[in-house]
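See structure below.
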Amino acid sequence: MTEVLHTFGIPGKQVAVINARPHGYFITHVEGKKPARLNGKSIGHEPVPLSPNDTIEVGDEKLLFLLK
Numbered sequence: 176m177t178e179v180l181h182t183f184g185i186p187g188k189q190v191a192v193i194n195a196r197p198h199g200y201f202i203t204h205v206e207g208k209k210p211a212r213l214n215g216k217s218i219g220h221e222p223v224p225l226s227p228n229d230t231i232e233v234g235d236e237k238l239l240f241l242l243k
């Protein structure tokens, strides 16, 4: 991921964004009735820090967060 913001999901259904900040990466639920999930737990509209090997679920997408 080279962008400062990276969006996942389908607009109007379920969307989450990963934000690169100087002190790490964070995920935030942006829109949709069902919030995105991080390691099986729903996230809200407040940024949640990401750690290597976290599992992210947004809609039908399931992603593994890795850092190089």
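Note that this note's numbering has the sequence shown beginning at 176, numbered continuously upward.
Cβ atoms here follow ideal geometry from the backbone N, Cα and C, with glycine treated the same way.
These numbers come from a predicted model, not from an experiment.
Tell me which residues share the same chain as residue 195 and place their Cβ nearer than 6 Å to its Cβ, disregarding the 5 neighbours each side in the sequence. As a first step, residue 195 is located in the sequence shown; it is residue number 20 there, counting from the start. Contacts found: 179.
For a test of the three-state rule: what should DSSP assign to residue 219, helix, strand or coil? Working through the sequence shown from its first residue, we reach residue 219 at position 44. If DSSP states are grouped into helix, strand and coil, residue 219 belongs with coil.
By Cβ distance, which residues of its chain are closer than 7 Å to residue 216, with the 5 residues on each side in sequence left out? If you number the sequence shown from 1, residue 216 lands on position 41. Answer for residue 216: no residue qualifies.
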